[in-house]
Structures are given as C-alpha cells and as structure tokens.
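A short worksheet on the structure shown next.
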Amino acid sequence: DAKTTQPPSMDCAEGRAANLPCNHSTISGNEYVYWYRQIHSQGPQYIIHGLKNNETNEMASLIITEDRKSSTLILPHATLRDTAVYYCIVRVYGNNRLAFGKGNQVVVIP
Amino acid sequence: DTGVSQDPRHKITKRGQNVTFRCDPISEHNRLYWYRQTLGQGPEFLTYFQNEAQLEKSRLLSDRFSAERPKGSFSTLEIQRTEQGDSAMYLCASSVGDHYGYTFGSGTRLTVV
Chain A
46 DAKTTQPPSM DCAEGRAANL PCNHSTISGN EYVYWYRQIH SQGPQYIIHG LKNNETNEMA
106 SLIITEDRKS STLILPHATL RDTAVYYCIV RVYGNNRLAF GKGNQVVVIP
Chain B
28 DTGVSQDPRH KITKRGQNVT FRCDPISEHN RLYWYRQTLG QGPEFLTYFQ NEAQLEKSRL
88 LSDRFSAERP KGSFSTLEIQ RTEQGDSAMY LCASSVGDHY GYTFGSGTRL TVV
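First to last, the protein sequences are chains A and B. Sequential numbering from 46 applies to the first sequence in the working numbering. Sequential numbering from 28 applies to the second sequence in the working numbering.
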C-alpha cells in the first residue's frame, strides 16, 4: 500500500471546522483512503473512507483531490471530544493489514 | 453493548510467564484482527482470521505468539515466555466483509516486569 504523510500535530479551535491534511502521492488506482482516530486509552475508531469522490457521514467529510495525491478530513464543528490522534491510511481491498503510521495528534482548544 | 470486547483490560506479568488475552468480536463479523501498539506508535498488524481460519500472520508474530479462533467467534492471543519487549497494548478488531471499516476494542495493556 502507498504511504501517507501527515503533520505530527495540530491545534484546532472548538466550534470551528478542523481540516486535517494527508498526502498520499504514490496512491494507486485501486487504493482507498481511510481515516481512523484514536482517543487516549481507547482503540482506534473508524471515521470514513473513499476512493475518488468526496464522502460525508455523520462524523466527518472526506475531500480527495482530483489527482488523488492528497486528501483532507473535515470535522465540521470541532468539539473537545474530537481531541485524538488521527490516522490517514491508504488501503486496497483485499489487504487486511492497516498501516497506521504515527498519525496526527489533533488538540481541540476551547 | 454490541462492540468488540477485550479481556482483561490490563495485565501485569513477570518476565518468562505465559499470558492469554481474549477478544469477543461483534457477533455478525466474520473477520477478526489482532494489532499491537507500543507507546507513541500507531497500531501494527499481527494476524487476521476469517471465520476460524488464520489467513495472515505478520513476522512480528514470533513463535512465542499464538492466536486461535476455534469456532469462528471469540479469539485468544497467547504469549509464551513473555519478555519486556512484549509490553504493549494489544488491540482486537472485527469487520464484516472487506469494504467496511474495522471496529476496534479498547485493548489489553500488557506490562512485563
């Protein structure tokens, strides 16, 4: 699977939209972009995934660039409970190994 | 609670002892995964089951590690002759099919002293 690059950490203001970037310049055509997050002392939580179209669910929106080399996870109204490590993962269906990396420590500030 | 359950939540053991962890996945999920996470790192894949068959194993899963899923429901992960380097969070996850996200449990934190 292609590797991803995320900032190691970022702060976001409570109540504002949080835009979390991810680069995956070597992504191939059959690889999906997945986002998970991990709140302290808990297991990772699935957020969203997509192939090339933008996706939205009750938790977040995923914006994938047209060339698919980068994506942005958007938390529309960040709350203090969104403070977590966010992982951007690229995966092809059939590969059962999620490659998590170190993720992006996001801190929501009041 | 219909999530993934792991037991125990915490385990402290002396070096050289054997330990066993249990994972109860979501009942309709046929796929089960074990991951290991050390401090400051993301989770690393250990092994994968589809129903009762263990289909993939990482090279991280040395011969001291064994995992089973005897009836395609719960799974156990055993570590024999524990070493201090085995200290980590052991995470279990389950999923239905290949096209969905995984549901993780809260993990078992192992400390080897």
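Glycine is no exception: its CB is placed at the ideal position from the N, C-alpha and C atoms. Small disclaimer: the values here were computed from a predicted structure and weren't measured.
- A residue is called buried when at least 16 other Cβ atoms come within 10 angstroms of its Cβ; V140 (chain B) does not meet this threshold and is exposed.
- Under the DSSP assignment, S89 (chain B) falls outside any beta strand (DSSP E); it carries neither an H nor an E label.
- Under the Cβ criterion of 8 Å, G74 (chain A) is not counted among the residues facing chain B.
- Taken in chain order, the members of the segment 66-85 of chain B whose beta-carbon sits within less than 8 Å of a beta-carbon on chain A are G67, Q68, G69, P70, E71, F72, Y75, L82, E83 and S85.
- At least 8 Å separates the beta-carbon of Q44 (chain B) from that of T135 (chain B).
- Contact with chain B is absent for N68 (chain A), since none of that chain's Cβ atoms lies less than 8 Å from the residue's Cβ.
- The beta-carbon of H56 (chain B) is placed no less than 8 Å from the nearest beta-carbon of chain A.
- G60 (chain A) and V46 (chain B) have their C-alpha atoms roughly 45 Å apart.
- L143 (chain A) sits in coil when the DSSP states are folded into three classes, being neither helix nor strand.
- Within chain A, no C-beta atom comes nearer than 9 Å to that of Y117 (chain B); the closest sits roughly 10 Å away.
- Rounded to whole angstroms, K98 (chain B) and Q81 (chain B) show a C-alpha spacing of 12 Å.
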